[in-house]
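Numbering (our numbering), first residue to last: 17 to 446.
Below is one structure; the comments refer to it alone.
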Ligand code: IMP
């Protein structure tokens, strides 16, 4: 289908990068619509490992267009480093297009992100400390510096001077930190501006033209549904909207242009940072799951919290994103586990049970998972044969969420993603 949104259906880290990478083969344009360097995709290609943070994974294919849309926040220092690393490894970045309307993450955003987490102490959100929240806050407050501001040195210097005047007051007087010096920062930004200049373009127009020309466009969300600023587990969320509807605003196309929404969910659940997590596994079993799944962050290296599959939350993700099919990743991680609990309902503090995601935060914070336990398959997950119990696990999920599982991840390598309908030329499960 011409425009497909790829959206995380849990708390991020569902394996979106790998699925995007796979579908990028059959696409013309791959676009990021929100988030910034808080995201991280690890792609393994021909035994080479690529860790991408801001650039869509389509960049690894020669000739594919890649867009960083208006809804993103961009750390210029990090973006240039990412570009340089790719170029040094022989990967051209000439097809990268950066929206002039995207906002820049400035050094004060990074400093304030850490400072505010420290201040919050045990109430902290557990952010990636990449300056995401402060950058989106300045965008909403109309104090932000946009990518297009770097195109005119005079405007750039002026905006930095105005913003820094205020931010240094906060850094010094509220947080007792050293101020950021204007001179060196402005000079460095002017250098970075020259590096960014060739990539800056009208990405809304570019995507619109691609769609009019019948090209296939992937719109890739970062983070996941439950980290959505409006619909996630606020305040333990990111500061943008990862859900599928945001693809239209983040890129600058109408919602009617979106044809498919592919949700990505792990066969279990992970969460990084603080916040409620009803199906979190206790004790040694959590450690075992973390090791089995290699659950450590690409961006921060933090160990991820691990839990059993939560079908209440997954049904919620289907609802708020309009998911049309699901990719279930890392099913192989469950291969050595004898009994597999899946959460089918929550028990609320008043003793009632619900299969709908609670609308009120207190209900969610105190929700206790109601499990059904499925039998594990206890054998390797090959495409041929695909173990009957693994198939039952997948079909159980399909019935619960009333959405087809179109892709199943069964291992780290690219060819271990199996297709259950002809979405792409992949080995088939059935
Ligand atoms: P921030 O996006 O850095 O402000 O972090 C806010 C919350 O989102 C924290 O709980 C982070 O751990 C989480 N988060 C942000 N980016 C990702 C991601 O790519 N994967 C998983 N969690 C993330």
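Ideal Cβ placement from N, Cα and C applies to all residues, glycine included.
A quick note: this is a predicted structure, and the numbers were derived from the prediction, not measured.
Distance CB(residue i)-CB(residue j) smaller than 9 Å
i	j	result
residue 335	residue 319	no
residue 362	residue 375	no
residue 427	residue 348	yes
residue 120	residue 96	no
residue 26	residue 260	no
residue 232	residue 44	yes
residue 35	residue 423	yes
residue 288	residue 249	no
residue 263	residue 242	no
residue 326	residue 385	yes
residue 346	residue 313	no
residue 70	residue 239	no
residue 229	residue 19	no
residue 166	residue 216	yes
residue 144	residue 53	yes
residue 187	residue 136	no
residue 224	residue 269	yes
residue 196	residue 212	no
residue 299	residue 355	no
residue 340	residue 419	yes
Close Cβ partners of residue i (< 8 Å) along its chain, the five nearest in sequence each way excluded
i	result
residue 429	60
residue 337	21, 23, 25, 241, 259, 260, 261, 277 and 279
residue 64	105
residue 226	44, 45, 81 and 233
Spatial neighbours of residue i in its chain, beta-carbon cut-off 7 Å, leaving aside the 5 residues before and after
i	result
residue 323	284, 285, 293, 295, 296 and 297
residue 421	342, 344, 410, 413, 414 and 436
residue 190	none
residue 244	253, 257, 258 and 259
residue 140	133 and 290
residue 442	Only weak support is given to the placement of residue 442: the predicted model assigns it a pLDDT of 46, under 50, and the question is left unresolved by the model.
residue 177	198
residue 271	261 and 264
Where residue i sits in the DSSP three-state scheme
i	result
residue 280	strand
residue 176	helix
residue 377	helix
residue 436	coil
residue 169	helix
residue 30	coil
residue 388	strand
residue 320	coil
residue 60	strand
residue 44	coil
residue 11	Nothing can be reported for residue 11, as the shown portion of the chain is limited to 17 through 446.
residue 355	strand
residue 149	helix
residue 139	helix
residue 307	helix
residue 159	coil
residue 36	helix
residue 270	coil
residue 334	helix
residue 256	coil
residue 164	helix
Neighbourhood of residue i by C-beta, 6 Å cutoff - its chain only, sequence neighbours within 5 removed
i	result
residue 57	33, 68 and 73
residue 219	83, 85, 113 and 115
residue 357	324, 387 and 389
residue 155	119
residue 331	417
residue 146	53 and 54
residue 401	none
residue 151	89, 119, 121 and 125
Residue i CB to nearest heavy atom of ligand 1 below 8 Å
i	result
residue 2	Because residue 2 is not part of the residues shown, which for the chain are 17 to 446, the question remains open.
residue 293	no
residue 239	yes
residue 29	yes
residue 337	no
residue 408	no
residue 154	no
residue 158	no
residue 259	no
residue 288	yes
residue 367	no
residue 243	yes
residue 389	no
residue 71	no
residue 145	yes
residue 55	yes
residue 129	yes
residue 380	no
Length-filtered (3 minimum) beta strand (DSSP E) runs lying within the region 78-132: 81-84 and 112-115
Complete runs of the alpha helix (DSSP H) confined to the region 182-246 [at least 4 residues]: 198-212 and 219-228
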